[in-house]
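S.K.: Got a structure for you, questions after.
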């Protein structure tokens, strides 16, 4: 029986092609095939480095159907690489189903680390990064996006988001409303590319700068938002959010009591009535 191959999870540049690692090039040049989110994009990357390998399309629409076939190839002794369009695979990109299926089948899954937009933005943000929560892309629909942000308003960890050019204004506006206009944040745009910019300030200030400059509404964005530093403030924000939800179904006093128990906020700060 053939010895199983290896599934290599290979990070590729997020912009500057000089950021690819020597090991990534070695692995990409040696595998039997490369699983790519967009084969046209990956073919351009390989062509830049005078490399040619068989490419297999693996994206969110076919990953579940393709996983078993790819695992069978790995079990037969082939080695495969998985890449996304840019950066580290599986970070807001497809691939976890294939990785899970390969691991379940006893296949070795090996990371080839490299660029990641979220980590690159954190490294230049000047915002605490000892604890952070990666939130990826917010929901496209306004109602769902605002609900997600309301749930995150009391988060003490630094928050990291990805956003697209056509929603950056709306997302900044919703963040300013949910977190407060002065909440400190950094907007990193087109990291490692020719028109890279990193803006910092309060959320309302960042929104105004984006609205004033059309160039700041182009490209790919990472938003790094400071968490709530004061624990009591965090509890109060969450308590008020919970009270707003519970008071639609419970008497105000009962809603305040339960919200206080769940959040740690003082009950009297949520509702001034008698207990």
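Residue numbers (our numbering): 273 to 547.
Note that CB positions come from ideal geometry on N, CA and C, so glycine has one too.
1. Closest to residue 320 by C-alpha separation, out of 437, 307, 410 and 301, would be which residue?
2. Closer than 8 Å by C-beta to residue 398: which residues in its own chain qualify, once you throw out the five before and the five after it? Chain order, please.
3. Whose CA, out of 479, 493 and 427, lies closest to the CA of residue 469?
4. Return the residue from the list 408, 354 and 339 that minimises the CA-CA distance to residue 389.
5. Give the C-beta separation of residue 228 and residue 482 to the nearest angstrom, bearing in mind that I take them to be a contact with Cβ-Cβ under 8 Å.
6. Per DSSP, which one or two residues make a beta bridge with residue 493?
7. Would DSSP call residue 511 helix, strand or coil?
8. Compare the Cα-Cα distances from residue 313 to each of 343, 277, 356 and 281 and report the closest residue.
9. Return the residue from the list 280, 296 and 290 that minimises the CA-CA distance to residue 346.
10. Going by beta-carbon coordinates alone, are residue 384 and residue 295 separated by less than 8 Å?
11. Of the residues 490, 525 and 496, which one's Cα is nearest the Cα of residue 455?
12. Taking the continuous beta strand (DSSP E) assigned at residue 279, which residues delimit it?
13. Which same chain residues end up closer than 8 Å to residue 400 when comparing Cβ atoms and leaving out the 5 residues on each side of it in sequence?
14. To which residues of the same chain is residue 519 closer than 7 Å at the C-beta, ignoring the five residues directly before and after it?
15. Output needed for residue 376: all residues of its chain with C-beta closer than 6 Å, excluding positions within five of it in sequence on either side, in chain order.
16. Pop quiz: residue 330 and residue 297 are said to be a contact at Cβ under 8 Å. What is the actual Cβ separation, rounded to whole angstroms?
17. Any idea which residues DSSP pairs residue 388 with across the strands?
18. Going straight from the alpha carbon of residue 522 to that of residue 359, what length do you get?
19. Please name the residue in 402, 353 and 287 whose C-alpha comes closest to that of residue 491.
20. Please report the straight-line C-alpha distance between residue 335 and residue 308, rounded to a whole angstrom.
21. What residues match up with residue 308 in a beta bridge as DSSP calls it?
22. Could you check what DSSP says for residue 363 in three-state terms: helix, strand or coil?
23. In whole angstroms, what separates the C-alpha of residue 488 from that of residue 433?
24. Using the Cα positions of residue 253 and residue 368, report the straight-line distance between them to the nearest angstrom.
25. Mapping DSSP to helix, strand and coil, what is residue 285?
26. Check whether the Cβ atoms of residue 475 and residue 448 sit closer than 8 Å, and answer yes or no.
27. Looking at the structure shown, is residue 535 part of a helix, part of a strand, or coil, going by DSSP?
28. Which partner residues of residue 471 appear in the DSSP bridge assignment?
M.R.: On the basis of the coordinates in this document:
1. The residue with the shortest Cα to Cα distance from residue 320 is 301.
2. 458 and 472
3. 493
4. 408
5. The shown model of the chain, from 273 to 547, leaves out residue 228, and the question about it has no answer.
6. For residue 493, which the question treats as bridged, DSSP gives the partners 435 and 461.
7. helix
8. 356
9. 280
10. yes
11. 496
12. 278–282
13. 430, 498 and 499
14. 527
15. none
16. Rounded, the Cβ-Cβ distance is 20 Å, inconsistent with contact.
17. Residue 388 is not bridged to any residue.
18. 47 Å
19. 287
20. 11 Å
21. 329 and 355
22. coil
23. 17 Å
24. Not covered by the structure: residue 253. The range shown for the chain is 273 to 547.
25. coil
26. Cβ distance < 8 Å, so residue 475 and residue 448 count as in contact.
27. helix
28. 459
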